[in-house]
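**Q** Residue numbers (my numbering), protein chains in the order written: chain A, 1 to 564; chain B, 565 to 753. Ideal Cβ positions, reconstructed from N, Cα and C, are used throughout, including at glycine. Attaching a single structure in structure tokens format; questions to follow.
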């Protein structure tokens, strides 16, 4: 029997093993710190634990459909996962939360690797258009960093994860060091050329993605199966499971502990430092404490805020490090739900081989200059889209009738179709927030998370503009039968939730400083989506990873200087 | 009662303003389904009418009717279950009264005529009313039958590999290539 305190003491603790937690684990281990990674869900080992990855459609009892019973019990899980991927989404029925005012879709993946298994894999850098946004228009607080602070960390992360993309030299979408892009198919290429020639303020580029167009760091290349969210047996895209966690383990410094729910962060009042965490085993409910000099919280935006709010003490009655009362506030997502689908009559002799896992991207072009400034809203949006020929699913709806002739048409490629949708920036509103309901507990005795969220006129006006723009681009590119849709989907739908533990310059109005270090508790670093000061328009995971690598570098140097 | 009237009445029923006849119709839609019309031979014949065997396998070769039965039992909302089961009963009684035999024993021409009739009968209204109709009452019999038959066929091993072109692991991507005459579409996207 060892010494229980010593056995439970590490150099660093990382809470969460998703896209940012995996990076914290890798960086801290590689810098020589004995690191404990705590994951509330089950273990998922790369390849071995992807049981559905190699199944054919006919191998599933209901093919890829979820049953009515499953849909009723777990509406979010079944909306995001088909029969091949629901295993990586939590059951709503087992993990309740409270939606105040409006619905908020909280998509969770409680397992080793978190949502890095099922993410959209698109990676875009923020630019100073984003980092200066709050300062310029007065919403939220100013980011404590600028693009130059993060640029080399974007390089560092990209060179490890591998990003396929096209350099564009576009002022508001910085380039990186890319692997060759996944090529556009005929219709995407047509759309791209048309938009570029008719709209001088826009580009259409190949979606930038961590799907690898060639082998990279022992992983990939992508096999173009487009079954990413089942886990990839080829390591064709970046996930914690495929990359950062094995790298951390290879150092011999990693202790990865699944099924470990962190109940609270422990605070040492005398030292004004966090001393460790209290953890409950998800199955046995046994409670243990672990200690470390430095603690990284990477539980995901909503869960990290909830963890801080639940870590109360005499010194921190409002939650750890929360004198500013900003913990839980300023919840953002990218709003979706506006877009269109259209047909193109032509190029009937062209087709493609292989299944593209991504499509095209139109970076922000609104409110970037005096000429592009709108009166009815601030900030902007990015557009994403994908083109293909109508295949049986689309033909089934398009074609009337049945029988021999119908069958023939059903099984042939139909016309080219393309879809484009908007991802809009959401402002940081103080009342869009996460709180805890002390009166209602989950099965581990933790207070239920309560989410209040509301869109305002800025988002609503922007969404109208998105729709008009997409229709205009489609019709000017010769598309027909344009079918548009516009409704603000419940927030959370983009699974880009962020902002609840924001970075800022002033401890009175923010929780973290420019190195993702808690203003008030210096040995806590928070580098998941909760740290985001504004939402920008780019898919955010790349920024979380870059911020994590940078914060780890800073934390270890501070640790060595004896400042933590 | 025509369908337009039925939709209006059922909307009113939803608001609690129900005449006895409307309430009965509503009950028919939301009641616990009676699965006895899920006759395997009937379904096999219906699926085969939609996707017949030609130079490639048909719905029967791929046991698509078994998939349709599983979908109706486990993957279909209550109202659509009832729409579908009513539809099966209706098409059977239509065939009995018109042709003197059940659907599965009718000639090809009779089957085509019967199913065409149900396709016409169930076609949703255009525009807004159609959307309201679908939301309120669920999809009609023919649309469900056609949807599940196509799904079942195209995701079956025979359908995907012989009716369509299934590539298990493409291994690469070619963005723009000529479509060969008569080339089948990819089975998965």
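#1: According to the Cβ coordinates, are residue 114 of chain A and residue 17 of chain A closer than 9 Å?
#2: Out of curiosity, what's the CA-to-CA distance linking residue 578 of chain A and residue 6 of chain A?
#3: Taking the Cβ atom as the reference point for each residue, do residue 90 of chain A and residue 303 of chain A lie within a distance shorter than 9 Å?
#4: Mind checking which residues open and close the beta strand (DSSP E) that includes residue 289 of chain A?
#5: Which residues in chain A sit within 7 Å of residue 750 of chain B, going by Cβ to Cβ distance?
#6: Indicate whether residue 20 of chain A and residue 527 of chain A have their beta-carbon atoms separated by less than 9 Å.
#7: Please confirm whether residue 447 of chain A and residue 173 of chain A have their CB atoms less than 9 Å apart.
#8: Does residue 351 of chain A get closer than 9 Å to chain B when you measure Cβ to Cβ?
#9: DSSP on residue 14 of chain A, reduced to helix/strand/coil?
#10: In chain order, what residues of the same chain have a beta carbon less than 6 Å from the beta carbon of residue 538 of chain A, not counting five sequence neighbours either side?
#11: How far does the alpha helix (DSSP H) with residue 346 of chain A in it reach, from first residue to last?
#12: Chain B partners of residue 67 of chain A, CB-CB under 7 Å?
#13: At what residue ranges does the segment 147-201 of chain A contain a whole run of the alpha helix (DSSP H), taking only runs of 4 or more?
#14: Please report the distance separating the alpha-carbon of residue 92 of chain A from that of residue 441 of chain A.
#15: Within its chain, find whatever has a CB closer than 7 Å to the CB of residue 130 of chain A; leave out the 5 residues flanking it on each side and keep chain order.
#16: Between the segment 271-287 of chain A and the segment 409-426 of chain A, do three or more beta carbon pairs fall short of 8 Å?
#17: Output yes if chain A places a C-beta closer than 9 Å to the C-beta of residue 724 of chain B; else output no.
#18: Alpha carbon to alpha carbon, what distance is there between residue 83 of chain A and residue 60 of chain A?
#19: Let me make sure I understand the geometry here. Which of A/456, A/249, A/148 has the alpha-carbon closest to that of residue 31 of chain A?
#20: Counting only Cβ pairs nearer than 8 Å, list the residues of chain A close to residue 634 of chain B.
#21: What span of residues does the alpha helix (DSSP H) with residue 85 of chain A cover, start to end?
#22: Below 8 Å on the Cβ atoms is my guess for residue 266 of chain A versus residue 276 of chain A; work out the distance and round it to an integer in Å.
#23: According to DSSP, simplified to helix, strand and coil, what is residue 230 of chain A?
#24: Applying a beta-carbon distance threshold of less than 8 Å, which residues of chain B neighbour residue 58 of chain A?
#25: Short of 9 Å Cβ to Cβ, which residues in the segment 185-202 of chain A face chain B?
#26: Relative to the alpha-carbon of residue 492 of chain A, which residue among A/517, A/75, A/107 has its alpha-carbon at the smallest distance?
#27: Starting from the C-beta of residue 550 of chain A, find all residues in its chain whose C-beta is less than 8 Å away, skip the five residues before and the five after it, and write them out in chain order.
#28: With burial defined as no fewer than 16 other Cβ atoms inside 10 Å of the residue's Cβ, what is the status of residue 253 of chain A: buried or exposed?
#29: Are the C-beta of residue 642 of chain B and some C-beta of chain A separated by less than 9 Å?
#30: Ignore the nearest five residues each way along the sequence and tell me which others in residue 627 of chain B's own chain have a CB closer than 6 Å to its CB.
#31: I'd like to know if residue 734 of chain B contacts chain A, where contact means its C-beta is closer than 9 Å to some C-beta of that chain.
#32: If you drop the 5 nearest sequence neighbours on each side, which residues of the same chain put their C-beta closer than 6 Å to that of residue 633 of chain B?
#33: Using a beta-carbon distance below 9 Å, is residue 665 of chain B in contact with chain A?
#34: State yes or no: is the beta carbon of residue 558 of chain A nearer than 9 Å to at least one beta carbon in chain B?
#35: Could you have a look at residue 718 of chain B and say whether DSSP puts it in helix, strand or coil?
#36: Output yes or no for whether 9 Å exceeds the beta carbon distance between residue 22 of chain A and residue 244 of chain A.
**A** With the structure as the only source:
#1: Yes, the Cβ-Cβ distance between residue 114 of chain A and residue 17 of chain A is below 9 Å.
#2: Nothing can be reported for residue 578 of chain A, as the shown portion of chain A is limited to 1 through 564.
#3: Not closer than 9 Å, so no.
#4: Boundaries of the beta strand (DSSP E) around residue 289 of chain A: 287-297.
#5: Neighbours of residue 750 of chain B on chain A, chain order: 391.
#6: Less than 9 Å separates the beta-carbon of residue 20 of chain A from that of residue 527 of chain A.
#7: Residue 447 of chain A is not a Cβ neighbour of residue 173 of chain A, given a cutoff of 9 Å.
#8: Output row for residue 351 of chain A: interface = yes.
#9: Of the three classes helix, strand and coil, the one that applies to residue 14 of chain A here is strand, per DSSP.
#10: The beta carbon of residue 538 of chain A sits closer than 6 Å to the beta carbons of 124, 126 from its chain, once the five residues preceding and following it are set aside; these are given in chain order.
#11: For residue 346 of chain A, there is no enclosing alpha helix (DSSP H), as DSSP marks it with neither H nor E.
#12: 638, 639, listed in chain order.
#13: Here the runs fully enclosed are 147-161, 186-198.
#14: One C-alpha to the other measures close to 15 Å.
#15: Counting only Cβ-Cβ distances below 7 Å, and skipping sequence neighbours, we find 534, 536.
#16: With fewer than three CB-CB distances shorter than 8 Å, the segment 271-287 of chain A does not count as touching the segment 409-426 of chain A.
#17: Yes, contact with chain A.
#18: Straight-line Cα distance between these residues: approximately 7 Å.
#19: Residue 31 of chain A has its Cα closest to that of A/249, out of A/456, A/249, A/148.
#20: Correct list: 61, 62.
#21: It is not in any alpha helix (DSSP H) - residue 85 of chain A carries neither H nor E in the DSSP assignment.
#22: The pair is a contact, with the Cβ atoms about 5 Å apart (cut-off 8 Å).
#23: Reduced to three states, the DSSP call for residue 230 of chain A is helix.
#24: Under the 8 Å cutoff, chain B gives 719, 720, 721, 724.
#25: Here the close residues are 185, 186, 188, 189.
#26: Nearest C-alpha to residue 492 of chain A among A/517, A/75, A/107: A/107.
#27: Apart from sequence neighbours up to five positions away, the residues of its chain that approach residue 550 of chain A with a beta-carbon distance below 8 Å are 149, 150, 153, 515, 516, ordered along the chain.
#28: The residue in question, residue 253 of chain A, is buried, as its Cβ has 16 or more Cβ neighbours within 10 Å.
#29: Interface residue, yes.
#30: Excluding residues within five positions, none has a Cβ falling inside 6 Å.
#31: Yes, contact with chain A.
#32: Taken in chain order, the residues that qualify are 602.
#33: Using beta-carbon distances, residue 665 of chain B does not count as an interface residue toward chain A, since no partner is under 9 Å.
#34: For residue 558 of chain A, no CB of chain B lies under 9 Å from its own CB, so it is not counted at the interface with that chain.
#35: The answer is helix: DSSP assigns residue 718 of chain B an H, G or I state.
#36: With contacts defined by Cβ atoms closer than 9 Å, residue 22 of chain A and residue 244 of chain A form a contacting pair.
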